[in-house]
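Structure record follows, encoded as structure tokens.
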Amino acid sequence: MLETVSAVCATLAGAAIVAFLLLLTRLKSLRRKLDTERRTTDALTEVVVEFAEFRGSPDAGHARNVRRYTQLLLEELRLRQVAPEILTEHFCRTVARASTLHDIGKLFLPAEIFLKNGPLTVEERRLMQTHCERGEEFLRSAEERLSFSSFLGTARHLVISHHECWNGSGYPFQISGDEIPWEGRVMALVDVYDALRRPKVYRAAVGHDECVHAILALSGIQFDPQVVDAFLARQDDFRRLSES
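For the sequence shown, the working numbering assigns the number 16 to the initial residue and increments by one for each residue that follows.
This is the structure:
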């Protein structure tokens with residue numbers, strides 16, 4: 016009887032060891048996959064930034080700035096426990112990384128639009144507005160080929176929605192309020208702040224205080240009021256980053 020019990024225990028122990036080794040192998044494989052995904056997506060964002068700089072775009076540094084601003088806003092929203100079921104730590108990290116790609120669709124537009132010494136015409140503005148859909152289409156194609164659904168899916172939502180307005184007056188789909196994904200709501204404010212703080216060929220950079228007043232005036236119109244409140248709470252950090 017004792018020998019039987021010992022044999023059973025040995026068998027169970029052996030099975031447990033095998034199961035553990037299989038689990039360990041699976042975890043290592045998953046780690047390699049995640050590392051590969053991270054390296055690939057980081058390389059993708061870096062290529063976008065470098066290509067923008069290569070084209071001589073006056074907004075070349077814009078892509079690098081928005082990631083830091085996005086991290087600030089998301090940190091504050093999490094501290095305030097806004098939409099905790101959505102704004103998880105993993106989601107916020109992904110959004111911050113994806114923010115660099117928000118204007119990726121502009122790479123498919125004529126460079127002359129960005130180098131123009133003056134405001135855009137109505138037709139040029141209409142063409143510019145297609146960058147959201149062009150960027151989303153590109154990322155959708157990349158997602159189908161690379162199957163990085165978490166990062167590229169979040170990036171697609173951010174790209175297609177970051178010019179939507181809280182009151183439904185934005186583009187491309189004129190959605191409003193809670194219809195706008197969180198990544199788009201955060202990116203909308205970050206995009207405007209950094210664009211205003213950067214000089215254009217036809218105007219000087221807008222001061223931080225003036226930016227704050229402009230954003231506050233657009234709360235509930237262009238921007239989600241909760242995102243504006245988070246921005247106001249971290250505006251000193253925004254100022255420091257914009258002046259660094």
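Heads up, the beta-carbon is just placed ideally off N, CA and C, and yes, glycines get one too.
Bear in mind the structure is a predicted one, so any value in this text is a computation, not a measurement.
With a beta-carbon spacing of about 7 Å, Gln144 and Pro187 fall inside the 8 Å limit used to define contacts.
Excluding residues up to 5 positions away in sequence, His172, Leu173, Ser176, His177 and Glu179 lie with their Cβ nearer than 7 Å to the Cβ of Gly199 in the same chain. For the 8 Å CB-CB criterion, Leu102 and Ala245 do not form a contact.
Beta-bridge pairing by DSSP links Arg83 to no other residue. Here the alpha carbons of Leu135 and Ile128 stand approximately 8 Å from one another. DSSP places Ser234 in no alpha helix (DSSP H); its state is neither H nor E. Contact between Gly150 and Gly120 is confirmed by a C-beta separation of about 3 Å, below the 8 Å threshold. Arg160 is bridged by DSSP to nothing; it lacks a bridge partner.
Counting of Cβ neighbours within 10 angstroms places Gln96 among the exposed residues, the total staying below 16. Here Arg141 carries a helix assignment [DSSP, helix/strand/coil]. Membership of Val221 in any alpha helix (DSSP H) is not indicated, and neither H nor E is assigned to it by DSSP. Around the beta carbon of Asp118, a 10 Å sphere encloses 16 or more other beta carbons of the protein chains shown; the residue is thus reported as buried. Along the length of the region 89-116, whole alpha helix (DSSP H) runs at least 4 residues long occupy 104-113, reported in chain order.
Ranked by Cα distance from Asp239, the first of Arg255, Leu256, Leu204 and Asp209 is Leu204. When DSSP states are grouped into helix, strand and coil, Lys131 belongs to the coil group. When the beta-carbon positions are compared, Val201 and Leu94 stay at least 8 Å from each other. By the beta-carbon neighbour count (other beta carbons within 10 angstroms, threshold 16), Ile236 is exposed.
With a beta-carbon spacing of about 10 Å, Val227 and Leu211 fall beyond the 8 Å limit used to define contacts.
Straight through space, the alpha carbons of Leu87 and Arg249 are spaced by roughly 7 Å.
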